[in-house]
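K.L.:
Protein chains in written order, with the numbering used here: chain A, 1 to 115; chain B, 116 to 230. To start, I am sharing the structure in question, which I have written as structure tokens.
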């Protein structure tokens, strides 16, 4: 079964550093998403991306964050000048369309620890 | 306001018994969908079941069924014949066709299956 691949699975970074989280969505999917889950809390929407532009973003997704689809396969989340409170699991997801019939699939996540 | 509420932070069930996990939601948008995801201790998000707001019948996927009561704005997950491997966090999530396909998650319910 097709899957969404995220790398790395774990990343430790120093406060103030920039990190790039990488995702390879399912190949025929058109919508891409990033979510965040702080340890022990619920999953929070960050941003959705369609047709090479952001289609929706949450209040969490401020100027510290950016997304990019640098080529035909990768989808990245960049966090500039990381803070301790950015420590979380970050999930990438993709869907063929905006509904279950189009297979909304999550990756296994990247656990980011900011020290 | 759009909101998803899971009022049961933790639940216990005996192996082989059925269990219902509650989910209520609030939205004025007539077009939405409801997902249930399982998150084991390893952290990945596993899709379980989906119900569209216009679906006439309750969704079923193997041992999982969704008790969808649209007028009451509830979408409870029923797991039949619980297994030890069902022990995990369970999240209810709502998505919106008109908002870039984002999902809004509930707080989650931690299910423990006892032998």
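The beta-carbon is built from N, C-alpha and C at its ideal position, and this holds for glycine as well. Keep in mind the model is a prediction, meaning the values are calculated, not measured.
For residue 243 of chain B versus residue 174 of chain B, is the C-beta spacing smaller than 9 Å?
P.N.:
Since the displayed chain B opens at 116 and closes at 230, residue 243 of chain B lies outside it and no answer follows.
K.L.:
Apart from the five residues just before and just after residue 17 of chain A, which ones in its own chain have a Cβ nearer than 7 Å to its Cβ?
P.N.:
The beta carbon of residue 17 of chain A sits closer than 7 Å to those of 82, all from its chain and outside the five residues before and after it, given in chain order.
K.L.:
Please list, in chain order, all residues of the same chain as residue 201 of chain B whose beta carbon is under 7 Å from its beta carbon, the five residues on each side excluded.
P.N.:
194, 226, 228
K.L.:
Mind the definition here: the stretch 129-136 of chain B touches the stretch 22-32 of chain A only if three or more C-beta pairs lie below 8 Å; say whether that holds.
P.N.:
no
K.L.:
Taking only three categories from DSSP, how would you classify residue 201 of chain B?
P.N.:
helix
K.L.:
Give me the Cα-Cα distance between residue 215 of chain B and residue 149 of chain B, rounded to the nearest whole angstrom.
P.N.:
Cα-Cα distance, rounded: 15 Å.
K.L.:
List, in chain order, every chain B residue whose beta-carbon is nearer than 8 Å to that of residue 68 of chain A.
P.N.:
Within chain B, no residue comes near residue 68 of chain A; the closest Cβ sits about 17 Å away, beyond 8 Å.
K.L.:
Would you please verify whether the beta carbon of residue 152 of chain B is less than 9 Å from any beta carbon of chain E?
P.N.:
Among the protein chains in the structure shown, which are A and B, there is no chain E.
K.L.:
Exposed or buried, what is residue 37 of chain A when buried is set at 16 or more other beta-carbons lying within 10 Å of its beta-carbon?
P.N.:
buried
K.L.:
Roughly how many whole angstroms lie between the Cα atoms of residue 237 of chain B and residue 152 of chain B?
P.N.:
Outside the shown range of chain B, which is 116 to 230, sits residue 237 of chain B, and nothing can be said about it.
K.L.:
Tell me the rounded alpha-carbon separation between residue 187 of chain B and residue 74 of chain A.
P.N.:
Cα to Cα, residue 187 of chain B sits roughly 41 Å from residue 74 of chain A.
K.L.:
Anything in chain B within Cβ reach of residue 56 of chain A, meaning under 8 Å, just list it in chain order.
P.N.:
214, 215, 216, 217
K.L.:
If residue 43 of chain A sits next to residue 206 of chain B, beta carbons under 8 Å apart, how far is it from one beta carbon to the other, in whole angstroms?
P.N.:
Confirmed, Cβ separation roughly 6 Å.
K.L.:
So, are the CB atoms of residue 27 of chain A and residue 108 of chain A less than 9 Å apart?
P.N.:
no
K.L.:
Between the alpha carbons of residue 212 of chain B and residue 114 of chain A, how many angstroms are there, rounded?
P.N.:
34 Å
K.L.:
Taking residue 118 of chain A and residue 158 of chain B to be in contact with their CB atoms under 8 Å, please state how far apart those CB atoms are, rounded to whole angstroms.
P.N.:
Given that chain A is displayed from residue 1 to residue 115, the structure contains no residue 118 of chain A and the question cannot be resolved.
K.L.:
Considering only their Cβ atoms, is the gap separating residue 47 of chain A from residue 77 of chain A smaller than 9 Å?
P.N.:
yes
K.L.:
How would you label residue 86 of chain A, buried or exposed, when you count the other beta carbons within 10 angstroms and need 16 or more for buried?
P.N.:
buried
K.L.:
Answer yes or no: does any C-beta atom of chain B fall closer than 9 Å to that of residue 12 of chain A?
P.N.:
no
K.L.:
One question on the structure: do residue 91 of chain A and residue 217 of chain B come within less than 9 Å of each other, judged by their Cβ atoms?
P.N.:
No, they are not a contact pair.
K.L.:
Verify whether the separation of the beta carbon atoms of residue 179 of chain B and residue 192 of chain B is less than 9 Å.
P.N.:
yes
K.L.:
Compute the Euclidean distance between the alpha carbons of residue 182 of chain B and residue 164 of chain B, then round it to the nearest angstrom.
P.N.:
11 Å
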